[in-house]
Every structure is written in C-alpha cells, then in structure tokens.
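Engineer: In this text, residue positions in the sequence shown follow our numbering: the first is 853, and each later residue adds one. My structure is below; once you've seen it, I'll send some questions.
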Amino acid sequence: EKTIKEYASNKRNMQSTLEKELKEAGLECQALRASKANQQRKLHEIQDMMEKQKSIDEELIHQMKIEGTEIRAGLERTISKEREVSQRLMTKIQGLNHVVQTL
853 EKTIKEYASN
863 KRNMQSTLEK
873 ELKEAGLECQ
883 ALRASKANQQ
893 RKLHEIQDMM
903 EKQKSIDEEL
913 IHQMKIEGTE
923 IRAGLERTIS
933 KEREVSQRLM
943 TKIQGLNHVV
953 QTL
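This is the structure:
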C-alpha cells in the first residue's frame, strides 16, 4: 500500500512538474511570437523609410538635372553674348585701326 501511495505521489509530482514546464514553454512561445511580430513591424518601418528616402533621392536627382540644364543653358547664352560683344569690339577696333592708318 505504501508503494502505491508513493507511486501516486510521484505521479502527481511529475504531472505538476510537466504542467509547470508546459506553461513555461507556452509563455516562451508567446514571448517569441510577440518578439517576431515586433521585429517584423520594425522591418516594415525600415523598408518604408528606405522607400521614402529612395523617392526623396530620386526627386533630388531630378531637380539637380533640371538645375544643371538651366545653368548650362544660361552659360551658353552668356558665352554667345560675350562672343557677340567680342565681335563688335573687334569690328570697332578694326575701324579705329583703319582710321588711325589713314591719318
């Protein structure tokens, strides 16, 4: 009879230990699921930020190209005007040179 009581006591202790371990394992699983969800949320946030940064970078590159084109066009106009001024000055100098030579 004593061994039956010991067996029953041991069985209850083992069941109690097993239930406790199962409960702890369940809590660990919940913690891992929460951690995974948190990491996935962070990953999505980072991906969203990277997409926004990519969009901003693309817009900046577009603006820089536009500004470069405008600056280039302005420089071309300035060079053209300077050439015209140089040609007029050369014409005046040649005319003055001719006047000086005739004097």
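Glycine included, each C-beta is placed from N, C-alpha and C at the ideal position. The structure presented is a predicted model; accordingly, all values stated were derived computationally and were not measured.
(1) Could you name the residues of the same chain whose beta carbon sits closer than 7 Å to that of Q946, not counting the 5 residues immediately before and after it, in chain order?
(2) Note down, in chain order, each residue of its chain lying with its Cβ closer than 8 Å to the Cβ of A883, except the 5 sequence neighbours on either side.
(3) I need the boundaries of the alpha helix (DSSP H) containing L955, first residue and last residue.
(4) Please report the straight-line C-alpha distance between K857 and A877, rounded to a whole angstrom.
Structural biologist: Quick answer:
(1) none
(2) none
(3) Unbroken run through L955: none, as it is neither H nor E.
(4) The alpha-carbon separation between K857 and A877 amounts to approximately 30 Å.
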